[in-house]
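See structure below.
Numbering (the UniProt record's numbering), first residue to last: 1 to 380.
Spelled out as structure tokens, the structure:
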């Protein structure tokens with residue numbers, strides 16, 4: 001999802017962007033004027049502790065159950081099989097004019113189901129799929145390998161994102177970049193290259209804290225080499241299965257049934273992950289001003305309409321960031337209790353997703369390079 005990393009894929013599409021720099025904001029003292037300024041910047045005040053928030057949520061919301069988690073796995077797999085079979089029937093039995101109508105709908109729906117499969121693997125990485133780490137890793141590896149995502153390395157980098165959410169100096173992706181790290185020319189693809197941005201992120205990461213998810217000896221992964229290698233081997237098995245499918249069915253059907261839905265999935269990843277952590281007046285903090293609760297509260301709940309439930313309520317994101325052990329099927333209930341107890345901390349938007357994504361991308365493009373001494377940064 002890096003906005004730097006994929007210009008080598010589509011160099012001609014590059015946008016050259018001059019950035020507006022944020023004004024450094026010192027969160028010092030408790031004067032009325034300073035408190036008012038922090039409020040205007042979207043910085044929450046009188047924060048509860050993480051324990052206070054947890055006490056507002058029923059205990060069963062933290063309890064994953066294998067039968068329920070596996071139900072969603074089978075439901076999603078069956079849905080993908082049904083969509084595949086229906087598409088094959090349409091191609092073989094409908095006139096070309098009807099097939100033209102069917103194909104884009106199929107790509108969208110199948111790409112949505114690929115995203116749902118990813119979210120289940122994502123739960124495995126958080127330990128919210130079951131209470132058994134080994135079982136979680138087996139299921140996560142199988143689910144993510146279907147999407148050519150290296151489960152174990154992504155699990156570790158994503159864990160780092162959760163540990164440092166909203167931290168300018170430590171977060172994983174889409175963070176504001178201090179001017180000292182800026183190159184002479186900053187390159188952004190429109191909309192981060194959509195689906196290409198996801199695969200670029202896996203390969204190269206996000207400047208200046210770049211991570212190659214296919215390098216098991218990277219500093220972030222070096223203590224988990226075996227798990228990383230198992231993930232890579234699983235991805236290679238998937239590549240081989242795709243090769244066998246190509247030999248049996250041909251290139252066009254491989255593209256139709258797999259690679260285009262895969263691109264839809266990867267586009268979902270770019271849109272979701274960006275919108276979960278960006279909006280007007282969502283604060284980003286320097287390391288010295290950041291705290292765990294403040295950082296996690298710089299996430300946004302969004303309603304993704306018809307696909308919200310299909311993608312396992314991943315848009316219900318504040319609770320997911322405060323407590324990543326909450327299974328996806330308890331996110332709504334936990335969120336309800338959080339909103340009732342702490343309404344002043346809620347960030348929830350129902351704005352049209354694609355319009356919002358493009359609007360915020362343009363703000364990010366013009367405002368994400370910040371002064372080196374910035375303490376708190378918001379987009380206006």
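Note that beta-carbon positions come from the ideal geometry of N, C-alpha and C, so glycine has one too. This structure is a prediction, so every number in the text was calculated from the model and none was measured.
Just reading off the alpha helix (DSSP H) that residue i is part of, what are its end residues?
{"i": "residue 237", "result": "225-249"}
{"i": "residue 123", "result": "96-126"}
{"i": "residue 220", "result": "Counting along the chain, residue 220 falls outside any alpha helix (DSSP H), and DSSP gives it neither H nor E."}
{"i": "residue 333", "result": "331-341"}
{"i": "residue 88", "result": "66-93"}
{"i": "residue 260", "result": "260-275"}
{"i": "residue 157", "result": "151-163"}
{"i": "residue 314", "result": "Taken as a continuous stretch (DSSP letters only), residue 314 belongs to no alpha helix (DSSP H), as it is neither H nor E."}
{"i": "residue 145", "result": "133-145"}
{"i": "residue 296", "result": "292-296"}
{"i": "residue 366", "result": "353-367"}
{"i": "residue 53", "result": "50-55"}
{"i": "residue 203", "result": "195-204"}
Taking just the CA atoms, how far does residue j sit from residue i?
{"i": "residue 232", "j": "residue 340", "result": "44 Å"}
{"i": "residue 114", "j": "residue 255", "result": "15 Å"}
{"i": "residue 44", "j": "residue 345", "result": "7 Å"}
{"i": "residue 91", "j": "residue 257", "result": "12 Å"}
{"i": "residue 244", "j": "residue 301", "result": "41 Å"}
{"i": "residue 61", "j": "residue 366", "result": "40 Å"}
{"i": "residue 185", "j": "residue 179", "result": "Per-residue confidence for residue 185 stands at a pLDDT of 46, beneath the threshold of 50, marking its modelled position as unreliable; no derived number is given."}
{"i": "residue 381", "j": "residue 118", "result": "Here the chain comprises residues numbered 1 to 380, so residue 381 is not present and cannot be evaluated."}
{"i": "residue 56", "j": "residue 296", "result": "17 Å"}
{"i": "residue 202", "j": "residue 272", "result": "16 Å"}
{"i": "residue 142", "j": "residue 192", "result": "28 Å"}
{"i": "residue 352", "j": "residue 276", "result": "14 Å"}
{"i": "residue 248", "j": "residue 93", "result": "20 Å"}
{"i": "residue 316", "j": "residue 246", "result": "38 Å"}
{"i": "residue 10", "j": "residue 285", "result": "Reliability of the predicted coordinates at residue 10 is poor, the pLDDT of 32 falling under 50, and no value is obtained from them."}
{"i": "residue 140", "j": "residue 134", "result": "10 Å"}
{"i": "residue 84", "j": "residue 149", "result": "21 Å"}
{"i": "residue 338", "j": "residue 188", "result": "37 Å"}
{"i": "residue 87", "j": "residue 53", "result": "46 Å"}
{"i": "residue 89", "j": "residue 96", "result": "13 Å"}
{"i": "residue 251", "j": "residue 375", "result": "52 Å"}
{"i": "residue 371", "j": "residue 213", "result": "29 Å"}
{"i": "residue 330", "j": "residue 241", "result": "35 Å"}
{"i": "residue 46", "j": "residue 223", "result": "39 Å"}
{"i": "residue 194", "j": "residue 355", "result": "14 Å"}
{"i": "residue 26", "j": "residue 278", "result": "Because the pLDDT at residue 26 is just 37, under 50, the model does not fix this residue reliably, and the point stays unresolved."}
{"i": "residue 74", "j": "residue 268", "result": "21 Å"}
Taking the alpha carbon of residue i as the point to measure from, which residue in the options has its own alpha carbon closest?
{"i": "residue 171", "options": "59, 355 and 274", "result": "274"}
{"i": "residue 66", "options": "115, 127, 230 and 154", "result": "127"}
{"i": "residue 266", "options": "51, 89 and 108", "result": "108"}
{"i": "residue 381", "options": "343, 251, 157 and 354", "result": "Any property of residue 381 remains undetermined from this structure, which presents the chain solely from 1 to 380."}
{"i": "residue 437", "options": "298, 309 and 311", "result": "The displayed coordinates of the chain run from 1 to 380. Any statement about residue 437 would go beyond what the structure contains."}
{"i": "residue 328", "options": "79, 359 and 312", "result": "312"}
{"i": "residue 221", "options": "159, 190 and 242", "result": "159"}
{"i": "residue 63", "options": "314, 333 and 284", "result": "333"}
{"i": "residue 373", "options": "225, 287, 348 and 234", "result": "287"}
{"i": "residue 305", "options": "292, 291, 350 and 54", "result": "350"}
{"i": "residue 253", "options": "198, 106 and 69", "result": "106"}
{"i": "residue 283", "options": "83, 242, 68 and 377", "result": "377"}
{"i": "residue 261", "options": "147, 200 and 157", "result": "147"}
{"i": "residue 259", "options": "75, 347 and 110", "result": "110"}
{"i": "residue 324", "options": "161, 370, 76 and 85", "result": "161"}
{"i": "residue 227", "options": "318, 263, 188 and 153", "result": "153"}
{"i": "residue 303", "options": "204, 83, 347 and 223", "result": "347"}
{"i": "residue 190", "options": "95, 357, 370 and 149", "result": "357"}
{"i": "residue 199", "options": "330, 76 and 264", "result": "264"}
{"i": "residue 204", "options": "278, 157 and 371", "result": "157"}
To the nearest whole angstrom, what separates the beta carbons of residue i and residue j, a pair I think is in contact under 8 Å?
{"i": "residue 121", "j": "residue 151", "result": "6 Å"}
{"i": "residue 270", "j": "residue 379", "result": "Between residue 379 and residue 270 the Cβ distance is about 17 Å, and since that is not below 8 Å, they are no contact."}
{"i": "residue 165", "j": "residue 307", "result": "The pair is not a contact, with the Cβ atoms about 24 Å apart (cut-off 8 Å)."}
{"i": "residue 196", "j": "residue 216", "result": "Actually they are not in contact, since the Cβ atoms of residue 196 and residue 216 sit about 24 Å apart, beyond 8 Å."}
{"i": "residue 59", "j": "residue 310", "result": "With 8 Å as the limit, residue 59 and residue 310 do not qualify as a contact, their Cβ atoms being about 28 Å apart."}
{"i": "residue 177", "j": "residue 208", "result": "7 Å"}
{"i": "residue 293", "j": "residue 50", "result": "6 Å"}
{"i": "residue 218", "j": "residue 225", "result": "Actually they do not touch by this definition, with Cβ atoms about 10 Å apart."}
{"i": "residue 155", "j": "residue 125", "result": "4 Å"}
{"i": "residue 132", "j": "residue 173", "result": "With a Cβ gap of about 29 Å, residue 132 and residue 173 do not count as contacting."}
{"i": "residue 129", "j": "residue 69", "result": "5 Å"}
{"i": "residue 167", "j": "residue 290", "result": "5 Å"}
{"i": "residue 335", "j": "residue 314", "result": "Rounded, the Cβ-Cβ distance is 12 Å, inconsistent with contact."}
{"i": "residue 182", "j": "residue 369", "result": "5 Å"}
So does residue i have its beta carbon nearer than 7 Å to some heavy atom of the ligand MG?
{"i": "residue 163", "result": "Ligands displayed in this structure: none; no statement on the ligand MG is therefore possible."}
**Study point:** Any 3 or more C-beta pairs closer than 8 Å across the segment 354-373 and the segment 84-104
**Key:** no
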